[in-house]
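Undergrad: When you line the sequence shown up against full-length UniProt numbering, it's residues 1 to 162, in that order.
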Amino acid sequence: MALIGVQEGSEMELDLRFEAVHEGILVSGSVDVEVVGECGRCLDPLRYGSSVDVQELFYYDAPELAEDEEEDAQRLVENDAIDLEPVLRDAVVTSLPFQPVCREDCQGLCAECGARLEDDPGHQHEVLDPRWAALSGLAGAAATPEAAEPDVKTESDKREES
Ligand SMILES: [Zn+2]
Ligand SMILES: [Zn+2]
Numbered sequence: 001m002a003l004i005g006v007q008e009g010s011e012m013e014l015d016l017r018f019e020a021v022h023e024g025i026l027v028s029g030s031v032d033v034e035v036v037g038e039c040g041r042c043l044d045p046l047r048y049g050s051s052v053d054v055q056e057l058f059y060y061d062a063p064e065l066a067e068d069e070e071e072d073a074q075r076l077v078e079n080d081a082i083d084l085e086p087v088l089r090d091a092v093v094t095s096l097p098f099q100p101v102c103r104e105d106c107q108g109l110c111a112e113c114g115a116r117l118e119d120d121p122g123h124q125h126e127v128l129d130p131r132w133a134a135l136s137g138l139a140g141a142a143a144t145p146e147a148a149e150p151d152v153k154t155e156s157d158k159r160e161e162s
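(1) Does DSSP classify residue 143 as helix, strand or coil?
(2) If you measure between the beta carbons of residue 19 and residue 59, is that distance less than 8 Å?
(3) Please list, in chain order, all residues of the same chain as residue 43 whose beta carbon is under 8 Å from its beta carbon, the five residues on each side excluded.
(4) At which residues does the beta strand (DSSP E) containing residue 30 begin and terminate?
(5) Residues with a Cβ closer than 6 Å to any heavy atom of ligand 1, in chain order?
(6) Which residues share a DSSP beta bridge with residue 4?
(7) Shorter than 7 Å, the distance from the beta carbon of residue 62 to the closest heavy atom of ligand 2, or not?
(8) Examine ligand 2 and report whether any of its heavy atoms sits within less than 7 Å of the Cβ of residue 56.
(9) Output the distance between the C-alpha atoms of residue 114 and residue 36, rounded to the nearest integer angstrom.
(10) Assign residue 100 to one of two classes, buried (16 or more other C-beta atoms within 10 Å of its C-beta) or exposed (fewer than that).
(11) What residues match up with residue 17 in a beta bridge as DSSP calls it?
(12) Compare the C-alpha of residue 56 against each of 123, 30, 131 and name the closest.
(13) Residue 11 to residue 106, Cα distance in whole Å?
(14) Give the residues whose C-beta lies closer than 5 Å to at least one heavy atom of ligand 2, in chain order.
(15) Under DSSP, the beta strand (DSSP E) around residue 188 begins and ends at which residues?
(16) Does residue 88 come out as helix, strand or coil in the three-state DSSP assignment?
In structure tokens:
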């Protein structure tokens with residue numbers, strides 16, 4: 001599931017103006033939608049209203065394209081009608097945040113245990129610096145009891161065997 005979006009079938013309120021201009025019809029105004037999703041840091045559900053500006057020129061005839069222009073970037077008046085849906089969708093989608101957060105200063109979750117840092121301001125774990133961790137490994141080794149005395153045969157044993 002996407003982190004954030006506008007739910008299918010949810011209401012949108014359009015406040016648009018249509019102007020006849022020389023090349024076509026200029027649509028401008030805003031669309032109000034309800035955005036739902038979850039915070040990218042703490043995973044809390046998000047829901048807020050968003051008003052997105054829209055401005056698009058629908059051409060009567062496809063204009064000459066400059067070299068670097070893409071054909072699908074143009075909107076046309078077709079059969080005396082315009083298709084607003086892709087325009088509204090693009091405007092809303094590009095207005096959505098890449099990293100939605102419930103609040104700008106959301107503390108998010110603890111990377112170690114997943115606890116909500118907001119609920120537990122002093123939350124932290126004893127994290128050993130890896131360099132110290134290596135040293136504590138050495139100390140541990142030194143602290144372990146000496147390996148059992150090697151089974152060294154005495155001179156007398158050797159003589160008996162030979
Ligand atoms: Zn959050
Ligand atoms: Zn934690």
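We put the beta carbon where it would ideally sit given N, CA and C, even for glycine.
TA: On the basis of the supplied data:
(1) The predicted model places residue 143 with a pLDDT of 48, which falls under 50 and marks its position as unreliable; any figure quoted below should be read in that light. Three-state DSSP puts residue 143 in a helix.
(2) no
(3) 109
(4) 24 to 38
(5) 39, 41, 42, 44, 101, 102, 106
(6) 37
(7) no
(8) In terms of side-chain proximity, the C-beta atom of residue 56 is found no nearer than 7 Å to any non-hydrogen atom of ligand 2.
(9) Put simply, the backbone Cα of residue 114 is about 23 Å away from that of residue 36.
(10) buried
(11) Paired residues: 28.
(12) Nearest option by C-alpha distance: 30.
(13) 29 Å
(14) In chain order, the hits are 110, 112, 113, 115.
(15) Because the chain is modelled from 1 through 162, residue 188 falls outside the range shown and cannot be assessed.
(16) helix
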